[in-house]
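Here the structure is laid out as structure tokens; the discussion comes afterwards.
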Amino acid sequence: SSVRGGVVEINLRRPVCAEEGQRVAVSRMVSGRWRLIGWGIVK
353 SSVRGGVVEI NLRRPVCAEE GQRVAVSRMV SGRWRLIGWG IVK
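Take the sequence shown: its letter number 1 is residue 353 in the numbering used here, and every next letter is one higher.
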């Protein structure tokens, strides 16, 4: 992953289907519970 001027590029473990302009949430398992760690808009 990389961060440049408010833009983040990430590699996902599983393929996803998302359209440009769609909002997405990034979650992570923390202490056995899913936590929201970020959100963004697909470019």
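Glycine included, C-beta positions come from ideal geometry on N, C-alpha and C.
Which value, in whole angstroms, describes the spacing of the CA atoms of residue i and residue j?
i           : j           : result
residue 370 : residue 388 : 18 Å
residue 380 : residue 386 : 5 Å
residue 357 : residue 382 : 27 Å
residue 372 : residue 364 : 17 Å
residue 353 : residue 392 : 15 Å
residue 390 : residue 366 : 18 Å
residue 362 : residue 355 : 9 Å
Assuming residue i contacts residue j under a Cβ cut-off of 8 Å, what Cβ separation, rounded to an integer in Å, is found between them?
i           : j           : result
residue 394 : residue 378 : 12 Å between Cβ atoms; not a contact.
Determine which residues share a DSSP beta bridge with residue i and list them.
i           : result
residue 361 : 354
residue 393 : 375
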